[in-house]
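Below: one structure, written as structure tokens.
Residue numbers (the numbering used here), protein chains in the order written: chain C, 1 to 114; chain R, 1001 to 1115.
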């Protein structure tokens, strides 16, 4: 149990367009999901915490208007990178809280903005 | 502030041998979890082992074990009988027991396994 699926695993988009990344908890309900960004050869940096039915909490320095997070149901959170630019190219990872078992990670999304 | 430090950016081990990855952390809290995650080339984060700070006994999962020294704020991971599939980035992480909202990750250690 505790499977988190992230889609797409890889996406290439043109500069100025928006791209949506989905994070789904497949076999449990997740009231809280987390979005991370990982630069090459670096650690995971928390971007925001997403709570079902309420606004996401963003970490300092993360632009909420650029990285839109929607946690519309107990099994789905989405991250939309708006007006993407090449500097937004990165690896994005979500994780979902599975009650007392902790948080489980999706397989990540590699975003390339050209 | 909570910080997690991994001082070894990269390590190598011969297949079937034992390797220890180091991790130290800084916190003023007493109730927390410590984790080791593995990130293979697929980039999927995989939980390797978890330690509750209130437990004195070191956690063990098959070939993986930890040396948890709470007073020294040290949490090392020992991999015994290393296998080629163990090659990956390993991240040490910390979280408060009562606060799911933040994991603090170390910078990672890349483990190479030589055949």
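Think of the CB as a built atom: it goes at the ideal place given N, C-alpha and C, for glycine as much as any other residue.
Option in the options with minimal Cα separation from residue i
i: residue 91 of chain C; options: C:13, C:27 and C:37; result: C:37
i: residue 1048 of chain R; options: R:1016, R:1093 and R:1026; result: R:1093
Straight-line gap, residue i to residue j (C-alpha atoms, nearest Å)
i: residue 26 of chain C; j: residue 1040 of chain R; result: 22 Å
i: residue 1044 of chain R; j: residue 108 of chain C; result: 7 Å
i: residue 52 of chain C; j: residue 104 of chain C; result: 17 Å
i: residue 1111 of chain R; j: residue 1087 of chain R; result: 5 Å
i: residue 89 of chain C; j: residue 57 of chain C; result: 22 Å
i: residue 30 of chain C; j: residue 113 of chain C; result: 30 Å
Contact list for residue i against chain C, beta-carbon separation under 8 Å
i: residue 1091 of chain R; result: 43 and 44
i: residue 1107 of chain R; result: 42 and 43
Distance cut-off 8 Å: residue i Cβ against heavy atoms of the ligand GDP
i: residue 111 of chain C; result: The ligand GDP is absent from the structure shown, which contains no ligands of any kind.
Beta-carbon neighbours of residue i, restricted to chain R and to distances below 7 Å
i: residue 60 of chain C; result: Within 7 Å Cβ-Cβ: nothing; residue 60 of chain C doesn't reach chain R, min ~12 Å.
Contacts that residue i makes with chain R (C-beta to C-beta distance below 9 Å)
i: residue 30 of chain C; result: Chain R residues near residue 30 of chain C: none, gap ~10 Å exceeds 9 Å.
Chain-ordered chain C contacts of residue i [CB-CB under 9 Å]
i: residue 1103 of chain R; result: 34, 36, 44, 46, 95 and 103
Residues that residue i contacts on chain R, provided the C-beta gap is smaller than 8 Å
i: residue 91 of chain C; result: 1043
i: residue 53 of chain C; result: Residues of chain R passing the Cβ test: none, with the nearest at roughly 16 Å.
Using a Cβ-Cβ cut-off of less than 9 Å, give me the residues of the region 1030-1058 of chain R that come near chain C, in sequence order.
1033, 1035, 1037, 1039, 1042, 1043, 1044, 1045, 1046, 1047 and 1050
Could you pull out every unbroken beta strand (DSSP E) segment of at least 3 residues lying fully inside the region 1002-1087 of chain R, listed in chain order?
1003-1005, 1010-1014, 1019-1021, 1024-1026, 1032-1039, 1046-1052, 1064-1069 and 1074-1079
Contact list for the region 1-27 of chain C against chain R, Cβ threshold 8 Å:
none
Please go through the region 11-73 of chain C and give each complete alpha helix (DSSP H) segment of 4 or more residues, from N-terminal end onward.
none
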